[in-house]
């Protein structure tokens with residue numbers, strides 16, 4: 020990869036544009052192609068980002084021999100189809116979260132990628148930011164004593180629109196899949212850090228929520244997860260507001276307050292409040308690049324080492340996260356079966 024890992028993007032939406040913008044500052048990667056369902060849309064995107072080949076179909080992008088890795092950015096119900104197609108084409112894969120709309124689909128995607136010998140990573144970009152590793156280190160080291168409770172919320176105020184993917188069942192709408200995947204992954208990561216592991220699974224999980232009367236997807240939801248070491252996580256998500264995106268880690272000897280757990284910036288900041296300290300400690304964690312470039316770098320670094328997993332978000336981690344989302348949705352009676 021002397022020229023850097025060469026990427027193509029499937030999709031031209033907001034998240035695809037953010038990835039294309041950030042990857043320009045990657046130390047390991049460069050964008051070489053964009054794929055859209057319409058040639059004119061691909062042409063406009065390519066013109067915006069310069070020096071990028073435009074393909075009028077996803078299949079054409081996957082057939083491009085210069086593309087080594089793909090970022091799959093369409094809505095989540097399309098992730099299964101295009102991950103399988105990308106794996107068949109021999110492309111390494113960074114797929115938007117959630118990896119799939121159900122755990123069984125995610126399992127199939129993981130198995131096919133493994134069989135084809137390609138890397139597959141679910142694109143939880145915050146896992147690649149050094150803030151996440153710093154938080155895990157503080158938990159592991161006992162900076163706030165023994166971890167007892169995790170609070171994590173990702174809620175936005177998005178008015179109901181039956182046609183928008185956020186509320187559209189056929190497009191995998193609802194807050195749990197789109198937003199709740201973040202608090203669940205954060206809680207599993209931090210509870211794991213308390214045990215010196217990358218992640219752990221809850222032993223009990225109880226979810227509640229409100230379904231939209233028209234489209235029958237979850238508007239907002241909450242859950243309590245209990246882990247084997249006695250840690251309790253309080254989780255919340257939703258499109259029906261009010262807006263709140265934050266996390267807190269409560270220990271026997273202190274508290275960590277994280278205002279940007281899922282979208283940390285160039286210099287993330289959080290507050291450590293030790294029970295035995297008179298004043299709180301403000302901790303800054305600079306990042307070596309933009310958030311989405313860090314994902315591309317993590318993939319490229321793993322490939323350079325001959326690995327087919329990214330430690331920040333392994334397939335096993337993804338499957339564990341999907342199992343919790345499946346349970347949460349089932350308890351609310353939300354189904355994406357056709």
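Numbering (my numbering), first residue to last: 20 to 357. Yeah, the Cβ is synthetic: ideal placement off N, Cα and C, and Gly gets one too. On a predicted model such as this, the values are computed, not experimentally measured, just so you know.
Close Cβ partners of residue i (< 7 Å) along its chain, the five nearest in sequence each way excluded
{"i": "residue 148", "result": "283, 287, 306, 310, 313"}
{"i": "residue 321", "result": "138, 328, 329"}
{"i": "residue 39", "result": "28, 50, 68"}
{"i": "residue 192", "result": "184, 185, 186, 234, 236"}
Candidates the options: closest to residue i by CA position
{"i": "residue 279", "options": "270, 265, 273", "result": "265"}
{"i": "residue 139", "options": "145, 146, 125", "result": "125"}
{"i": "residue 250", "options": "188, 165, 94, 327", "result": "165"}
{"i": "residue 244", "options": "227, 70, 257", "result": "227"}
{"i": "residue 352", "options": "235, 332, 268, 334", "result": "235"}
{"i": "residue 81", "options": "103, 68, 95, 262", "result": "103"}
{"i": "residue 341", "options": "201, 152, 298", "result": "201"}
{"i": "residue 291", "options": "158, 175, 221", "result": "158"}
{"i": "residue 44", "options": "254, 285, 344, 294", "result": "285"}
{"i": "residue 99", "options": "22, 190, 237, 281", "result": "190"}
{"i": "residue 171", "options": "207, 77, 182, 92", "result": "207"}
{"i": "residue 105", "options": "70, 145, 129", "result": "129"}
{"i": "residue 144", "options": "354, 281, 182, 22", "result": "281"}
Where residue i sits in the DSSP three-state scheme
{"i": "residue 176", "result": "strand"}
{"i": "residue 345", "result": "helix"}
{"i": "residue 318", "result": "helix"}
{"i": "residue 197", "result": "helix"}
{"i": "residue 218", "result": "coil"}
{"i": "residue 237", "result": "strand"}
{"i": "residue 329", "result": "coil"}
{"i": "residue 34", "result": "helix"}
{"i": "residue 98", "result": "helix"}
{"i": "residue 20", "result": "For residue 20, the predicted structure reports a pLDDT of 42, less than 50, and the residue's modelled location is therefore unreliable. The matter cannot be settled from this model."}
{"i": "residue 275", "result": "strand"}
{"i": "residue 131", "result": "helix"}
{"i": "residue 287", "result": "strand"}
{"i": "residue 262", "result": "strand"}
{"i": "residue 137", "result": "coil"}
Same chain, Cβ closer than 6 Å to residue i, five either side skipped, listed in chain order
{"i": "residue 155", "result": "212"}
{"i": "residue 37", "result": "311"}
{"i": "residue 304", "result": "149, 150, 153, 287"}
{"i": "residue 31", "result": "55, 60, 64"}
{"i": "residue 217", "result": "211"}
C-beta neighbour in chain B for residue i, strict 8 Å
{"i": "residue 78", "result": "Among the chains in the structure shown there is no chain B, since it carries only a single protein chain."}
Residue burial classification, residue i (beta-carbon count within 10 angstroms, cutoff 16)
{"i": "residue 318", "result": "buried"}
{"i": "residue 267", "result": "buried"}
{"i": "residue 97", "result": "buried"}
{"i": "residue 316", "result": "buried"}
{"i": "residue 160", "result": "exposed"}
{"i": "residue 298", "result": "exposed"}
{"i": "residue 120", "result": "buried"}
Contacts around residue i, its chain only, beta-carbon distance under 8 Å, and the 5 residues preceding and following it disregarded
{"i": "residue 240", "result": "194, 195, 199, 226, 227, 228, 229, 255, 256, 257, 347, 351"}
{"i": "residue 62", "result": "73"}
Margin query: I'd like to know if the segment 100-113 and the segment 79-89 are in contact, where contact means that at least 3 CB-CB pairs between them fall below 8 Å.
Written below: yes
Next item on the list: Pair every Cβ in the segment 254-265 with every Cβ in the segment 190-206, then say whether three or more of these pairs are closer than 8 Å.
Entry: Result yes; three or more Cβ-Cβ pairs closer than 8 Å.
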